[in-house]
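A.B. asks: Supplied in structure tokens, the structure appears directly below.
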Amino acid sequence: MSPINYVYLAALLFTIGAAGVLIRRNAIVVFMCIELMLNAANLTLVAFSRMHGNLDGQIMAFFVMVVAAAEVVVGLAIIVMLYRARHSASVDDASLMKL
Amino acid sequence: MTALAATAATSTGEAVQFWVLGTVAVLGGLGTVLLRRAVHSALCLAGTMIILALFYLANGAYFLGVVQIVVYTGAVMMLFLFVLMLVGVSAADSLKETLKGQRWMAALCGLGLGTLLIVGIGQVSVGGFNGLAAANAQGNVPALASLLFTKYVVAFEVVGALLTVAAVGATLLTHRERVEKNKSQREQAIERVRGGTQLPPLPAPGVYARHNAVDRPALLPDGSPAELSVSPTLRSRGQIREVSSEQLARLAAIEQRTAEYQGRPTYPGPKDPGERALERETAGEEEAARNGQPSEPEDAAGTEREEAAK
Amino acid sequence: MIGLLVGVPLLGAAVLLCGGRRLDRGGHWLGTLLSAASFAIGAALFLSMLGKDAEDRAMHSKLFSWVPVEGFQADVAFQLDQLSMTFVLLITGVGTLIHIYSVGYMEHDPGRRRFFGYLNLFLAAMLLLVLADNFLLLYVGWEGVGLASYLLIGFWQHKPSAATAAKKAFLVNRVGDAGLAVAIFLMFTTFGSFAFAPVLSSTGEAGEGTLTAIGLMLLLAACGKSAQVPLQSWLGDAMEGPTPVSALIHAATMVTAGVYLITRSGAIFNGAPDAQLVVVVVGGVTLLFGAIVGCAKDDIKKALAGSTMSQIGYMILAAGLGPIGYAFAIMHLVTHGFFKAGLFLGAGSVMHGMNDEVDMRRYGGLRTHMPVTFVTFGLGYLAIIGFPGLSGFFSKDQIIEAAFGKGGTEGWILGAVTLLGAALTAYYMTRVMLMTFFGEKRWQPDAEGREPHPHESPKIMTIPMIVLAFGSVFAGGLFKAGDTFVDWLEPVTAFEHGHSPVSATAVTASTIVSLVLGVGVAWFQYGRKPVPAVAPRGSLLTRAARRDLLQDDFNHVVLVSGGTHLTRSLVYVDNKVVDGAVNGTAAGFGGLSGRLRRLQNGFARSYAVSMFGGAAVLIAATLLMRAV
Chain A
1 MSPINYVYLA ALLFTIGAAG VLIRRNAIVV FMCIELMLNA ANLTLVAFSR
51 MHGNLDGQIM AFFVMVVAAA EVVVGLAIIV MLYRARHSAS VDDASLMKL
Chain B
1 MTALAATAAT STGEAVQFWV LGTVAVLGGL GTVLLRRAVH SALCLAGTMI
51 ILALFYLANG AYFLGVVQIV VYTGAVMMLF LFVLMLVGVS AADSLKETLK
101 GQRWMAALCG LGLGTLLIVG IGQVSVGGFN GLAAANAQGN VPALASLLFT
151 KYVVAFEVVG ALLTVAAVGA TLLTHRERVE KNKSQREQAI ERVRGGTQLP
201 PLPAPGVYAR HNAVDRPALL PDGSPAELSV SPTLRSRGQI REVSSEQLAR
251 LAAIEQRTAE YQGRPTYPGP KDPGERALER ETAGEEEAAR NGQPSEPEDA
301 AGTEREEAAK
Chain C
1 MIGLLVGVPL LGAAVLLCGG RRLDRGGHWL GTLLSAASFA IGAALFLSML
51 GKDAEDRAMH SKLFSWVPVE GFQADVAFQL DQLSMTFVLL ITGVGTLIHI
101 YSVGYMEHDP GRRRFFGYLN LFLAAMLLLV LADNFLLLYV GWEGVGLASY
151 LLIGFWQHKP SAATAAKKAF LVNRVGDAGL AVAIFLMFTT FGSFAFAPVL
201 SSTGEAGEGT LTAIGLMLLL AACGKSAQVP LQSWLGDAME GPTPVSALIH
251 AATMVTAGVY LITRSGAIFN GAPDAQLVVV VVGGVTLLFG AIVGCAKDDI
301 KKALAGSTMS QIGYMILAAG LGPIGYAFAI MHLVTHGFFK AGLFLGAGSV
351 MHGMNDEVDM RRYGGLRTHM PVTFVTFGLG YLAIIGFPGL SGFFSKDQII
401 EAAFGKGGTE GWILGAVTLL GAALTAYYMT RVMLMTFFGE KRWQPDAEGR
451 EPHPHESPKI MTIPMIVLAF GSVFAGGLFK AGDTFVDWLE PVTAFEHGHS
501 PVSATAVTAS TIVSLVLGVG VAWFQYGRKP VPAVAPRGSL LTRAARRDLL
551 QDDFNHVVLV SGGTHLTRSL VYVDNKVVDG AVNGTAAGFG GLSGRLRRLQ
601 NGFARSYAVS MFGGAAVLIA ATLLMRAV
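Protein chains in written order, with the UniProt record's numbering: chain A, 1 to 99; chain B, 1 to 310; chain C, 1 to 628.
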């Protein structure tokens, strides 16, 4: 098996996540799709790490995880606030950025 | 495991593992995107993440594999579920698209992006794995640690600071400042009396006269239904059943006959329930009533029931 | 001292125009006094000038630096030489006489103070014009006299005809003024200066083409101001102004400014024979043009206006001859100033006695009723037709001689034209004389039914006429005697004797013959038999001449209609093409923006689509770049 298959899988997952971001309206699900995309990126990093035979890729993946955790914390807080204010978690309801 | 990750080539076992688990991972991703209920999406995502953790392990990233399970499936996904509970776990997303052309554009973008990525990857020539045997010689965790605390120590510190800031920020965001003092029980009682709200407990539903169900209003001494006796939740759901005016009329007739038989003066008849029904009718039905269709008590009750069915 | 010449009448204008009603009673005397003071200053300067040698007579006086810019020095400076001195005396002298005359003529006019203010303004501007030592200051005076002329033609602005005539004069003059402006620009670019001394002394350095261009532009200016063909159409209508104005501005002084300009810039014309030829042609054509128009007009003032045009044609022709003609042009200018002013004042006197009637067919037999007017007008008449011994004889005879002196075919043609002009002059002036003062009475009541009671004008009007008549009689002889005038001007204009193929005696003889011919024909037509009170239909030429030889029709067809069509098409182009382009662009951007605005729908997911689309395009571009 070619190691590139891991990267193909990651691309597939990334695309699925991206499509989810575009399609879903529930802010939490959108967030989950973003997590999926981040995980796909992590998978490539780990695969590259093994391809190159050094651990820098894993370190990168580690940092991505930490940043993703921070992002989730803040993002979910924002969603909660949004829900309190609007009683809705739909991203379409927060459409104030228009004329 | 160690031998597996350390080798430059991939074994058949790993290939099997990849194809099986990869399929499951893709299915999980699709489920995340396509399932209507957010909880189901979250579960699918958790499954995909676990599989990814397995892939990490297969690629010699033992530390990351564990961290993936602990941090992602353990912490992050639980956080998601908590928020889902807060926001309302039962409400299913309508999958009907509201933005015109959004789904087409999304499909186009997704397909285009995927095709391009795959074409791009296809153009890269990869020689195969170098293997992590040398790098993981002293064990994966010590190797990572030695990198993390030497070469990447600044980034590590910065990320630590970032986490702290995120924690503080989340606290701040969700924190609600209480601007006035809490009301004491006494104050609340005074307020309730002054406000003229219902002071005694609400009347029980359907316990008077002939009915004994929570979805039917009780009847007041004069025979009219007591609206307060039905739970507002049921009313807002439209699951309330009207007291039939036929029965009320029969009741009135009995009263009348009793009165005549005993020779005492008759009570004033119960208020026509049809009038009450009319008051609750929606605007459209009101219009219909105004258009000259005399709404009989039965009719009104019937429409209300139909409405409830909707 | 020279500045005072200009300053005194300017002060008068300022005081009279700004002074308000309290000056209504004595303002006219103030104006007259200041005019006379200006004349006195001029006379004093003249006397002091006579005391010097011919070469040292020119005086300079710099008042102040007007535009002190590096490379562009414009000074308010005056130059008083023999040529300027001649004009100063003519302007202030005739001007003062006409001021005096106007005191009587405008006695009952409610706007008398304003009238004298304008007259003083005119004097100041005209003096500035002739005293300036550079072309820029000359241009200021040039515009100033144009303004005064405009104001005075339209003095009775309640009459629509007067207001229109004023506008017409102003607009036609503007064409000439543009010519002068262009000429000054050309001078500055060519010589780096516009002062007389550096420009006129360095004409040799410029190419003949440049000199010709400058000369033609100067000629255009002269045509506008001096009513020469093709810019002559305003002078006839300018007679709408009060008669003293016609006498001073549109006969004696302002209209001769063109002759002054050409004489002053003689050095330029000397270096440009082609321009000189055009000058001569313009002068000759106008000479005949004005004379023909003068023959047909029944309005006494318009007949005299035609005559003025014709006489200035003589001057321009003489000025175009070069050094052999400059002195005679100026000499004729001065004598013409006397007799034409006298004639106009006489006409004014006649109108004064005839309820402002101007149609000569309603005059007749006035010689017994206004003897002084008759005598002075008659002397002016004799002078203009060139009766031997009077001013016009000497000055005109000199011009005819100089025209022959041009030499070659040109000389013969010019000589013939000037002789023909002399005959025509004799004809139309005799016609005016006969129709006005001889024959039976053809008086008719005016529009309000008042019968005319011709009477002699008051002394205040007749005295200036008498003085001018003296000038008409003696000025020519005085100038001619011993070539005084030519010698006087020689340092400024230079002088050469022409090489006439015919002897001076022969020229004089033929002049007298043409004069007798003209007078005879006129007497034959108007003296022998009664003049019809209604003008006969006349020949084609007569009818054309009555309409000013169709000059207005020509202007209307060519300029007005052409201009209107051009304007309309330009407006159409502006509306459809220019505005269309601008509005179309605006509408296009507006529509585009309206459509682009819909992209900003506020939905985060739409933005996300754009983002991913952009990312996809970027990846595609990267791949393409790698593939190439």
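In this text, a Cβ means the ideal position worked out from N, Cα and C, and glycines have one as well.
Source: prediction; values computed, not measured.
Quick one: Cα of A40/B to Cα of L79/B, how far?
C.D. replies: Taking the first residue of the second sequence as position 1, residue 40/B is located at position 40. Taking the first residue of the second sequence as position 1, residue 79/B is located at position 79. According to the sequence as given, residue 40/B is His; it is not Ala. Those two C-alpha atoms are separated by around 15 Å.
A.B. asks: Please confirm whether M309/C and P452/C have their CB atoms less than 8 Å apart.
C.D. replies: On the third sequence, position 309 is the one that residue 309/C refers to. On the third sequence, position 452 is the one that residue 452/C refers to. Contact: no.
A.B. asks: Name the DSSP bridge partner or partners of D299/C?
C.D. replies: Residue 299/C sits at position 299 when you count from the first residue of the third sequence. In the DSSP output, where bridge partners are listed per residue, D299/C has D359/C.
A.B. asks: Take residue 678/C and list the residues in its own chain whose beta-carbon comes closer than 8 Å to its own, dropping the five residues that flank it on each side.
C.D. replies: A question about residue 678/C goes unanswered here, because the residues of chain C that appear run from 1 up to 628.
A.B. asks: Could you list which residues in chain A have their beta carbon closer than 7 Å to that of F129/B, in chain order?
C.D. replies: Position 129 of the second sequence, counted from the first residue, corresponds to residue 129/B. In chain order: P3, R50 and M51.
A.B. asks: For chain C, check one thing: does any of its Cβ atoms lie closer than 8 Å to the Cβ of L199/B?
C.D. replies: For the purposes of this step, residue 199/B is taken as the residue at position 199 of the second sequence. Not one chain C Cβ lies under 8 Å of L199/B.
A.B. asks: Have a look at the DSSP bridge pairing and note the partners of L80/C.
C.D. replies: For the purposes of this step, residue 80/C is taken as the residue at position 80 of the third sequence. Its beta-bridge partners are M59/C.
A.B. asks: Distance check for V46/A and F63/B, CA to CA, integer angstroms please.
C.D. replies: In the second sequence, the residue the question calls residue 63/B occupies position 63. In the first sequence, the residue the question calls residue 46/A occupies position 46. If you take the alpha carbons of F63/B and V46/A, they lie about 11 Å apart.
A.B. asks: Extract the residue ranges of the alpha helix (DSSP H) inside the segment 30-65 of chain B, only unbroken runs of 4 or more that lie entirely within it.
C.D. replies: Listed in chain order, the complete alpha helix (DSSP H) runs (minimum 4 residues) inside the segment 30-65 of chain B are 38-58.
A.B. asks: Are three or more beta carbon pairs between the segment 33-41 of chain A and the segment 120-138 of chain B nearer than 8 Å?
C.D. replies: Verdict: no, contact absent.
A.B. asks: Specify the secondary structure class of D274/C as computed by DSSP and reduced to three states.
C.D. replies: Position 274 of the third sequence, counting from 1, holds the residue named residue 274/C. In this structure, D274/C counts as helix in the three-state DSSP scheme.
A.B. asks: Pairs of beta-carbons, one from the segment 274-289 of chain C and one from the segment 304-319 of chain C, closer than 8 Å: are there three or more?
C.D. replies: They touch, by the three-pair rule.
A.B. asks: Under the assumption that A11/A contacts G114/B (Cβ atoms under 8 Å), give the Cβ distance between them as a whole number of angstroms.
C.D. replies: Mapped onto the first sequence, residue 11/A falls at position 11. Mapped onto the second sequence, residue 114/B falls at position 114. The pair is a contact, with the Cβ atoms about 7 Å apart (cut-off 8 Å).
A.B. asks: Check the DSSP bridge columns for D75/C and list the partner residues they point to.
C.D. replies: Residue 75/C sits at position 75 when you count from the first residue of the third sequence. The partner list for D75/C (beta bridge, DSSP) reads S65/C.
A.B. asks: Which residue comes first and which comes last in the alpha helix (DSSP H) that contains I330/C?
C.D. replies: Reading the third sequence from its first residue, position 330 is the one you call residue 330/C. Taken as a continuous stretch (DSSP letters only), the alpha helix (DSSP H) holding I330/C covers Y326 to G353.
A.B. asks: Using the three-state DSSP reduction, which class does A135/B fall into: helix, strand or coil?
C.D. replies: Within the second sequence, the letter at position 135 stands for residue 135/B. Coil at A135/B, not helix or strand.
A.B. asks: Based on the DSSP output, what are the partners of S90/A in its beta bridges?
C.D. replies: Along the first sequence, read from residue 1 onward, the residue named residue 90/A stands at position 90. Per DSSP, N26/A.
A.B. asks: Is there contact between the segment 69-77 of chain B and the segment 49-59 of chain B, where contact requires at least three CB pairs shorter than 8 Å?
C.D. replies: Touching, per the Cβ criterion.
A.B. asks: So with Cβ pairs under 8 Å, would you call P178/B a contact of chain A?
C.D. replies: The residue you call residue 178/B lines up with position 178 of the second sequence. First, the residue type needs correcting, since residue 178/B is Arg and not Pro in the sequence shown. No, R178/B does not count as interfacial toward chain A.
A.B. asks: Closest Cβ-Cβ distance between V609/C and chain B: below 8 Å?
C.D. replies: Taking the third sequence and counting its residues from 1, one reaches residue 609/C at position 609. With 8 Å as the cut-off, V609/C counts as an interface residue toward chain B.
A.B. asks: Mind listing which residues of the segment 111-127 of chain B have their C-beta closer than 8 Å to chain C's C-betas, in chain order?
C.D. replies: Residues G112, L113, L116, L117, V119, G120 and Q123.
A.B. asks: Could you work out which residue in F338/C, W523/C and G563/C is closest to L468/C when comparing CA atoms only?
C.D. replies: By one-based count along the third sequence, residue 468/C stands at place 468. Comparing Cα-Cα distances from L468/C to each of F338/C, W523/C and G563/C, the minimum goes to F338/C.
A.B. asks: If we count the other Cβ atoms within 10 Å of its Cβ and call it buried at 16 or more, is W142/C buried or exposed?
C.D. replies: Against the third sequence, residue 142/C aligns to sequence position 142. Classification of W142/C: buried, given that the 10 Å Cβ count is 16 or more.
A.B. asks: Please work out which residues of its chain come closer than 6 Å, Cβ to Cβ, to M49/B, disregarding the five sequence neighbours upstream and downstream, and give them in chain order.
C.D. replies: Walking along the second sequence from the start, residue 49/B turns up at place 49. Counting only Cβ-Cβ distances below 6 Å, and skipping sequence neighbours, we find Y72 and T73.
A.B. asks: When you compare the CB positions of F170/C and Y150/C, do they come within less than 8 Å of one another, or not?
C.D. replies: One-based indexing of the third sequence puts residue 170/C at position 170. One-based indexing of the third sequence puts residue 150/C at position 150. Going by C-beta atoms, F170/C is nearer than 8 Å to Y150/C.
A.B. asks: Do A481/C and A341/C count as a contact pair if the criterion is CB distance below 8 Å?
C.D. replies: Counted from its first residue, the third sequence places residue 341/C at position 341. Counted from its first residue, the third sequence places residue 481/C at position 481. No; because the gap between Cβ atoms is not below 8 Å, this pair is not in contact.
A.B. asks: Would you please verify whether the beta carbon of G602/C is less than 8 Å from any beta carbon of chain A?
C.D. replies: Here the question's residue 602/C lines up with position 602 in the third sequence. Yes, G602/C lies at the interface with chain A (some Cβ there is under 8 Å from its Cβ).
A.B. asks: Can you find a CB in chain B that lies within less than 8 Å of the CB of residue 187/A?
C.D. replies: Nothing can be reported for residue 187/A, as the shown portion of chain A is limited to 1 through 99.
A.B. asks: Compute the Euclidean distance between the alpha carbons of V502/C and V182/C, then round it to the nearest angstrom.
C.D. replies: Position 502 of the third sequence, counting from 1, holds the residue named residue 502/C. Position 182 of the third sequence, counting from 1, holds the residue named residue 182/C. Those two C-alpha atoms are separated by around 40 Å.
A.B. asks: Taking Cβ positions, are V74/A and A27/A nearer each other than 8 Å?
C.D. replies: In the first sequence, the residue the question calls residue 74/A occupies position 74. In the first sequence, the residue the question calls residue 27/A occupies position 27. No.
A.B. asks: Give a yes or no on whether the minimum CB-CB distance between V21/A and chain C is below 8 Å.
C.D. replies: Counted from its first residue, the first sequence places residue 21/A at position 21. Closer than 8 Å: yes.
A.B. asks: Is it buried or exposed for Y139/C, if we count other Cβ within 10 angstroms and need 16 for buried?
C.D. replies: As a first step, residue 139/C is located in the third sequence; it is residue number 139 there, counting from the start. Looking at its Cβ environment, which holds 16 or more other Cβ atoms inside 10 Å, Y139/C is buried.
A.B. asks: Helix, strand or coil, according to DSSP, for L99/B in the structure here?
C.D. replies: The residue given as residue 99/B occupies position 99 in the second sequence. Three-state DSSP puts L99/B in coil, outside helix and strand.
A.B. asks: Helix or strand or just coil, what does DSSP make of L321/C?
C.D. replies: Counted from its first residue, the third sequence places residue 321/C at position 321. Three-state result, L321/C: coil.
A.B. asks: With DSSP run on the structure shown, which of helix, strand or coil describes A197/C?
C.D. replies: Taking the first residue of the third sequence as 1, we reach residue 197/C at position 197. DSSP places A197/C in helix when its eight states are reduced to three.
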